[in-house]
Amino acid sequence: MRYLPSFKTSLRLSRDLFRILGLMLWGMGVFITLFFIYMQFNENKSEIRQQFHSGYDNLQSYIQQTASTLRSIQSMTEQHRLKLDEFREKSGSKLDFMALPTSQSYSFYPLTPSSDCEYFKEKTESYLLAFEQLNYFWKDSIAAPQGLNHVYLIGSTSYCMVDYPIRSMVSDIETLKKVGYESVRAYKSFKLQGQERNLYTVVRGAQSDNGQVYLVLPVFNASVLTGFIGLERTINLNQFNLRNDKTVEIMIVNHYNQPTLYYPNDLNPKNSTLLNISEPYFFGFNSDYSKLIFKKRLVPSNMAVIYSIATIEIIENLKGVIFYGVLINIITGLLIFFLIWLLERKMLEPAANTAIRLEEHEQFNHKIVASAPVGIIILRLTDGGNILSNELAHNYFRLLSEDDKQRILMIIRQKTSNYIDVVTINNTHLQISFVNSRYQNEDVAICVLIDISIRVQMEKSLQDVADAAEQANLAKSMFLATVSHELRTPLYGIIGNIELLQRYDLSEKANRLVSTMDNSSSLLLQIISDILDFSKIESEQLKIENKLFNCRDVFSFVLANYLPLITKKQISIYAYIEPNIPDLILNDFVRLQQVISNIINNSIKFTHSGFVLLYVWKDDNYLKIEIRDSGIGMTQTVVMQLFDPFFQVYDQNNTGHKGTGLGLAICEKLVSLMDGDIEVSSHLGLGSSFTIRIPLYGQEYITHYVPDYRLNYRIAIVCKNEFLMHFLSRLLIHHSFIVLTDKLIDKDNTYDLLITDNNDNLKVLSHNIIRLSSMYAGDFRETCQNEWIYNTYQLDNLPILIDKIIVKATDQIHKGPQNSPESLEADRSLSAYNVLIVDDHPINRLLLSEQLASIGFTTRTAVDGLDALKYLGNYSADIVLTDVNMPNMDGYELARELRKTGFKLPIIALTANAMAEEKQRCIEAGMNDCLSKPTTIAILRETLVRYC
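Using this note's numbering, you'd call the opening residue of the sequence shown number 487 and step up by one each time.
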């Protein structure tokens, strides 16, 4: 592998780079930590500077306040003296004035041996008096709160001092005298030099951090220096240590840079490095960075204050930050080096091992490619060159023409397909599948070449088989259509003529024979229909035609059709149709009727005694239909096979009604096509239950008129059949009647109506009685006065029947729909309509003519389409009823030709073809409707009348 050495070098470089990167990251973390500590140090430094400056401001305020206080005392004394002189000149009396309170706590002290205090007292009498009187007033209100100890006066020439003590504290008078004397001499010396200024003196007390501040100001009279006024005030450096920290050093120095006060007491001022700073203002570290120093002059004095704190104390405040910074850097360093170690262990070392394995795999792959049973070749996309291939692919590739090679390369580049089928020059079929990839830093295509000659031959054989199967399926469809037409055409002649024969008056024996023929032909028609339906379902030609219909009519119609058979077998029939089911639903009523008819027919067939029950109810958005019987029942094994095609349940007592075994299979398919399902429950010897569930698409309810009398009409129901009793209760309550059952019935009251299935006389008083009998198959009939008998399969008609009993509107009870031939009398009004019958079969023409004549229509006949066109060219017809399969011209061509000529009247097809597409084909040809043979007189009448 060419890239393997460079890959290993890259791994080594990557390892070194990761280590350097880790060191750089750790170094950056250290730098950030140091920068953060430095910023914290500067922040503490700024905070200390602010505290020192605040302490200085307080001390500066203290000095300025001292000067301000002394000037205030001097000013007030001078003003008071002037007022005293003015008062004395006006009054000339001295006694009144002297009556003011004065202070007697002052003393005279000579400052030198030659001091003349009497002279000083005489010359300053008025000033001393004013000073003495003012001292009485401001001693407690001004001087004491400001911490003044003494206020004193000194004569400028007499050197005599008058002391006014403010507080009763012991002061060193000698110190006071000394300071006063030195201050006077210093002032005079400065005056001679032209440098007059206020003289501040600080004298240390018993402790080095406290003492007294002395201030002396000159007193002038008419611009002549007459004396000095001064004060003594206590000072304590602790007051100006805002940090309250003993590590802070405070020192006050005079203008000679000599310490006067210092804090703390153990400070050695002589050896202190604070005195090495000569600048009037300074903030920073000393030469060895051992202390942070703040120095500033206390204006207006010549003194300065110095604050200092040891650098180690600042660092001590940052020890938490330093500790956590060091800890974080140690942890970060460990984490970084751990990650680098983990990266090397989990990535770089496996990558190195992978490189070694890749080399092994490369060699292994070469061997696999060489030994593969299919051709494998790696093509370079730039020029189609062969980079790697096995011998089989090399041989296949040599068999390709240059055009095929270029076409394959173009398809691979454009990625229009994942595989290519080509034929070599020796007619070998190759399938080339490929995938784009990278190999040796080049774009390549990995191609797999497979010889598919055998598969192509097999596919061709399978296609031939499929075509043959398609032809067979088409032949089967054609066979079904032919069988349908050939069987239904003669069967139509048999059934139609039997139907016509039943309309005539026949003897009892003839009637029995005709009925037997009718039943047999109907059974034959059912067998043919089942076979055709099953075939249409299997070939997916059967479609569901959804229409709105009244499901109650379907149930009534099905039950009415099987009443003769039920009566013959002497079994009970029940029909419970819940009142809350919709009046109209959207589905295929023909197929629903077919399913219910088939299951009811089976229930009657396999029930020799007992009952057959139909129960219909609404379950959410589904309609459930249960058909239950007390027949022979089935084992679970039989139930599992029940819906298999051609499977039949054996009944040794019923051998005369064998079917095709397709009924239930068709029912299951039809219910599934209606988006429903069917469920079976059965026990051998006890009976079976079939439950059909179909969705209630497009359900609608019709509002029915409710007579007012029902709200007060009381009905008592007494039944041995509890299910029947509860159903009647729900039904009649739904229709607004007052219903009482069981224990709610009061035998002392007389009810409007009693409904019972008991033939015995009951001890319930009522005006009318309806007795229900499951063995009675007739209509509502009065058996004696105010007593009627009624069946149990038309219970949903009870509310209407009760209305007719109460209102007495008619004695004729409404009966269910009857499809007996006798009920279809000829309609004279239809004789005005001329129907042209087109059919090539003479029996069908004759049968249709007699059927339509029995309905009332006038008929004409034609043998084929050409004959019909000829007739319509000379005569008129109101309706054309035509067969579709005829010689010369069939029904489709006849309809197209008539529509081309502008014929607008109805054209109705009559076909024996049972295929699903037959009706659509008729509609597309221009016909209005399509009927299937065999058809009944009732269906003919209903269809033709619709187009009249």
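We put the CB at the ideal spot given by N, CA and C, even for glycine.
Predicted model only: the values in this text are computed from it and were never measured.
Thinking just about the alpha-carbon of each residue, which of the options is nearest to the one in residue i?
{"i": "residue 665", "options": "688, 807, 1081", "result": "688"}
{"i": "residue 875", "options": "884, 855, 885, 891", "result": "855"}
{"i": "residue 904", "options": "911, 896, 1048", "result": "896"}
{"i": "residue 1035", "options": "599, 605, 1187", "result": "1187"}
{"i": "residue 1343", "options": "1354, 1359, 1363", "result": "1363"}
{"i": "residue 1056", "options": "1262, 1174, 1372", "result": "1262"}
{"i": "residue 1314", "options": "1322, 1326, 1331, 1339", "result": "1339"}
{"i": "residue 831", "options": "713, 504, 1218, 1280", "result": "504"}
{"i": "residue 883", "options": "912, 811, 857", "result": "912"}
{"i": "residue 870", "options": "899, 1430, 885", "result": "899"}
{"i": "residue 1331", "options": "982, 612, 756", "result": "982"}
{"i": "residue 734", "options": "534, 1058, 1049", "result": "534"}
{"i": "residue 1316", "options": "753, 1431, 823", "result": "1431"}
{"i": "residue 1077", "options": "1114, 1153, 1045, 1101", "result": "1153"}
{"i": "residue 1223", "options": "1208, 1210, 1196", "result": "1196"}
{"i": "residue 1099", "options": "1129, 1132, 1052, 1065", "result": "1052"}
{"i": "residue 531", "options": "1433, 795, 1054, 1412", "result": "795"}
{"i": "residue 867", "options": "933, 1337, 1090, 536", "result": "933"}
{"i": "residue 1382", "options": "1359, 1404, 1360, 1413", "result": "1413"}
{"i": "residue 740", "options": "788, 1184, 753", "result": "788"}
{"i": "residue 1082", "options": "891, 940, 1047, 606", "result": "1047"}
{"i": "residue 1102", "options": "1198, 1280, 1254, 852", "result": "1280"}
{"i": "residue 513", "options": "1150, 1218, 818", "result": "818"}
Three-state secondary structure (DSSP) at residue i?
{"i": "residue 993", "result": "coil"}
{"i": "residue 1267", "result": "strand"}
{"i": "residue 1064", "result": "coil"}
{"i": "residue 1362", "result": "coil"}
{"i": "residue 1198", "result": "helix"}
{"i": "residue 753", "result": "coil"}
{"i": "residue 809", "result": "helix"}
{"i": "residue 670", "result": "helix"}
{"i": "residue 1438", "result": "In this structure the chain extends from 487 to 1434, so residue 1438 is not present and cannot be described."}
{"i": "residue 1240", "result": "strand"}
{"i": "residue 1276", "result": "strand"}
{"i": "residue 1380", "result": "helix"}
{"i": "residue 1029", "result": "coil"}
{"i": "residue 1433", "result": "coil"}
{"i": "residue 522", "result": "helix"}
{"i": "residue 796", "result": "strand"}
{"i": "residue 539", "result": "helix"}
{"i": "residue 1072", "result": "strand"}
Please go through the same chain and pick out, in chain order, the residues whose beta-carbon is closer than 6 Å to the beta-carbon of residue i, but skip the five residues on each side of it.
{"i": "residue 1375", "result": "1350, 1351, 1352"}
{"i": "residue 538", "result": "780, 793"}
{"i": "residue 1278", "result": "1060, 1258, 1260"}
Per DSSP, what are the beta-bridge partners of residue i in this structure?
{"i": "residue 1397", "result": "1418"}
{"i": "residue 1223", "result": "Paired residue(s): none; residue 1223 is not in a bridge."}
{"i": "residue 1114", "result": "1099, 1175"}
{"i": "residue 1346", "result": "1322"}
{"i": "residue 929", "result": "924"}
{"i": "residue 596", "result": "646"}
{"i": "residue 718", "result": "636, 700"}
{"i": "residue 1169", "result": "1173"}
{"i": "residue 651", "result": "636"}
Skipping 5 residues on each side, what residues in its chain have a beta carbon closer than 8 Å to that of residue i?
{"i": "residue 797", "result": "771, 775, 776, 777, 778"}
{"i": "residue 638", "result": "647, 648, 649, 650, 662, 666, 715, 716, 717, 718"}
For residue i, which residues in the same chain have their Cβ closer than 7 Å to its Cβ, ignoring the five residues on either side in sequence?
{"i": "residue 527", "result": "800, 804"}
{"i": "residue 1038", "result": "1063, 1282"}
{"i": "residue 1357", "result": "1322, 1346, 1348"}
Using only the heavy atoms of the ligand GDP, determine whether one of them is closer than 7 Å to the beta carbon of residue i.
{"i": "residue 649", "result": "Annotation note on the ligand GDP: not contained in the displayed structure, which lists no ligands."}
Could you check whether the Cβ of residue i sits closer than 8 Å to any Cβ belonging to chain D?
{"i": "residue 1104", "result": "Here there is only one protein chain, and chain D is not present."}
Are there three or more Cβ pairs, one per stretch, closer than 8 Å when the region 699 to 706 is compared with the region 504 to 520? No, the region 699 to 706 does not touch the region 504 to 520.
If we count Cβ pairs, one from each stretch, closer than 8 Å, do we get three or more for the region 1102 to 1110 versus the region 1189 to 1196? No, because fewer than three Cβ pairs between the region 1102 to 1110 and the region 1189 to 1196 fall closer than 8 Å, the two stretches do not touch.
Below 8 Å, how does it come out for the region 1160 to 1175 and the region 1116 to 1136: are there three or more Cβ pairs, yes or no? yes
Would you call the region 528 to 548 in contact with the region 725 to 745, where contact means no fewer than 3 C-beta pairs closer than 8 Å? yes
Stretch pair the region 1199 to 1206 + the region 1230 to 1248: three plus CB contacts closer than 8 Å: yes
Is it a yes or a no for the region 887 to 896 touching the region 850 to 864, going by three-plus beta-carbon pairs under 8 Å? In the pairwise beta carbon analysis, the region 887 to 896 is classified as not touching the region 850 to 864: fewer than three pairs are separated by under 8 Å.
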